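Please read the structure below before turning to the comments.
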Amino acid sequence: MSDQAVLHVKGRVLVGADDVRDELWVVGGRISYERPGARDIRTVEGWALPGLVDAHCHVGLDAHGPVPDDVSEKQALTDREAGTLLIRDAGSPSDTRWIDDRADLPKIIRAGRHIARTRRYIRNYAHEIEPEDLVAYVAQEARRGDGWVKLVGDWIDRETGDLSACWPREAAAAAIAEAHRLGARVTAHCFAEDSLRDLVEAGIDCVEHATGLTEETIPLFASRGVAIVPTLVNIATFPRLAAGGETKFPLWSAHMRALHERRYDTVRAAYDAGVPVYVGTDAGGSLAHGLVAGEVAELVTAGIPPVEALSATAWGARRWLGRPGLDEGAPADLVVYEGDPRADVRVLAAPRRVVLNGRVVG
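Residue 1038 is where the sequence shown starts when you use the working numbering, and the numbers rise one by one after that.
This is the structure in structure tokens:
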């Protein structure tokens, strides 16, 4: 399609869960609901959604740490082909700002580099520091990121042999307050139970994974509007991880299995209580990219209604991140499918067309 061509998307356009229109037009890379006076028109038919959101993804990272730009490009392209056109990069040691200059790659909202306790995270991933330095590092990453900062809230403590909280409440509260002063929100990696209350009462905005939620902490999350990104496609790896650590860390291994076994109940209980839930895959560490459809299906398996699971990767996720959907004048980032994803979210696994910045790219 030439830069002057107009794209006509017709069939069913899901502007919102209940806002369904018959067509839209893409003119100059932007969405319009008024028919343009143009002759060079390309038509795409199907069910259109806003470009999907992966709210926990790592471009520029693999299992060993930072990766070269060509690998980052392949990761971003894999996500794009799956229909993910907006990524919240939940921590990366790589500088991926060059992606912002590529109109053919997904848009990224960065959280800077992970901030972890010394020797309490995956090697080569994070700034590893002590609590007295937390405020300074949070300020640094708030300035480097795109409105988010990522903490490692808990990890295995080799002395106790189990998961435990990484930060004293006072240090976390001071750091979160500093991020907020600088206009950034804060999220944290948390598998276990014991870090959650302190982080929420310290003012955290979001928790990743959140497998340690309980009857006591779920109401606290709900009352304060703290979001969770469950990353269920990643939690599926817990039994394998537990088996690998059985001999050296039996307490940790048993804990990970227990968190895995109750994962669906945990997510459903949080959703039922009114906790905001969003789609994230945790791609880029040990997980492959392009898993967004699988994560939506996992949320449905957990008991979240299909339309709400869709919203968690489409309309609702974009509102949460402050990015437009299929709004008049918005950049034309959308995905077209054969069938109605509200009826069966599995159609997300097979995009018919991917449109990014008004151009058909897949």
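Quick reminder that beta carbons are idealized off the backbone N, C-alpha and C, glycines included. As the structure is a computational prediction, the values presented were derived from the model and not from experiment.
Following the continuous beta strand (DSSP E) through residue i, name the residue where it begins and the one where it ends.
i     : result
P1087 : I1078 to P1087
Helix, strand or coil: how does DSSP classify residue i here?
i     : result
Y1174 : helix
P1143 : coil
R1299 : coil
H1093 : strand
W1185 : strand
E1110 : helix
V1382 : helix
E994  : Outside the modelled stretch of the chain, which goes from 1038 to 1399, sits residue 994, for which no answer is possible.
V1338 : First, the residue type needs correcting, since residue 1338 is Thr and not Val in the sequence shown. Three-state result, T1338: helix.
L1393 : strand
W1192 : strand
I1152 : strand
D1132 : coil
A1291 : helix
V1270 : helix
V1312 : coil
A1320 : strand
V1398 : coil
H1217 : helix
L1328 : coil
P1168 : helix
F1286 : coil
E1118 : helix
G1074 : coil
D1040 : Model confidence at D1040 stands at a pLDDT of 48, short of 50, so the residue's coordinates are unreliable; what they give is reported in the following sentence. Correct three-state label for D1040: coil.
R1157 : coil
G1281 : helix
L1257 : helix
A1054 : coil
E1207 : helix
A1229 : coil
A1306 : helix
Give the DSSP bridge partners of residue i, in chain order.
i     : result
G1065 : Bridge partners of G1065: none, in fact.
Y1374 : W1084
P1276 : According to DSSP, P1276 bridges with nothing at all.
F1099 : It should be pointed out that residue 1099 corresponds to Asp in this sequence rather than to Phe. Answer is G1102, bridged to D1099.
C1243 : T1224 and A1264
P1368 : R1067
A1015 : Residue 1015 lies beyond the range of the chain shown here (1038 to 1399); nothing can be said about it.
E1060 : K1047
A1202 : D1191
Ordered along the chain, which non-local residues of its own chain (more than five positions away) have a Cβ less than 6 angstroms from that of residue i?
i     : result
L1336 : A1346
G1395 : V1063, G1066 and A1369
Y1301 : A1339
A1349 : V1314, Y1315 and V1316
E1165 : A1153 and T1155
A1075 : V1043
T1274 : none
P1229 : The question names Pro, but residue 1229 is Ala in the sequence shown. So the qualifying residues of the chain are D1191, L1200 and G1249.
A1211 : V1172
K1144 : L1123
Is the closest heavy atom of the ligand GTP to the C-beta of residue i under 8 angstroms?
i     : result
E1215 : The ligand GTP is not part of this structure, which contains no ligands at all.
For residue i, which residues of its own chain have a beta-carbon under 7 angstroms away from its beta-carbon, when the five flanking residues on both sides are left out?
i     : result
P1256 : A1310
G1182 : R1147, A1148, G1149 and A1221
A1209 : D1235, L1236 and A1239
P1205 : P1168
A1280 : none
In terms of residues, what are the limits of the alpha helix (DSSP H) holding residue i?
i     : result
V1237 : L1233 to E1238
I1124 : Note, I1124: premise wrong, no alpha helix (DSSP H); beta strand (DSSP E) at T1121 to D1126.
R1049 : Careful: R1049 lies outside any alpha helix (DSSP H), inside the beta strand (DSSP E) at V1043 to L1051.
S1348 : P1343 to S1348
R1355 : W1352 to L1358
Whose C-beta lies closer than 8 angstroms to the C-beta of residue i among residues of the same chain, with five residues either side of it excluded?
i     : result
V1057 : R1049, V1050 and L1051
S1039 : Bear in mind that a pLDDT of 44 at S1039, under 50, signals an unreliable position, so the model cannot answer this.
L1358 : V1090, A1092, L1123, R1125 and I1146
R1157 : E1165, V1189, W1192, I1193, D1194 and C1203
T1268 : H1093, E1245, H1246, G1317, T1318, D1319 and E1332
* Decide yes or no for the touch test of the segment 1321-1329 against the segment 1087-1106: beta carbon pairs closer than 8 angstroms, at least 3 of them. => In short, these stretches touch, since the Cβ pair count reaches three.
* **Validate contact between the segment 1046-1053 and the segment 1305-1324 using beta carbons, cut 8 angstroms, 3 pairs** => The segment 1046-1053 is not in contact with the segment 1305-1324.
* Touching by the beta-carbon criterion (3+ pairs, under 8 angstroms), the segment 1095-1102 and the segment 1372-1386 -> Judged by Cβ distances under 8 angstroms, the segment 1095-1102 makes no contact with the segment 1372-1386, as fewer than three pairs qualify.
* To do: Flag this pair as touching only if the segment 1098-1116 and the segment 1367-1375 have three or more C-beta atom pairs under 8 angstroms; answer yes or no.
  => Touching, no, given that fewer than three Cβ pairs across the two stretches are closer than 8 angstroms.
* To do: Specify whether the segment 1236-1244 and the segment 1057-1077 touch according to this definition: at least 3 beta carbon pairs, one from each stretch, less than 8 angstroms apart.
  => Touching, no.
* Asked: Do the segment 1172-1182 and the segment 1212-1228 make contact, defined as three or more Cβ pairs closer than 8 angstroms?
  -> The segment 1212-1228 and the segment 1172-1182 touch, with three or more beta-carbon pairs separated by less than 8 angstroms.
* Are the segment 1353-1364 and the segment 1129-1136 in contact at 8 angstroms, needing three or more beta carbon pairs? -> Judged by pairs of C-beta atoms under 8 angstroms, the segment 1353-1364 does not touch the segment 1129-1136, as fewer than three such pairs exist.
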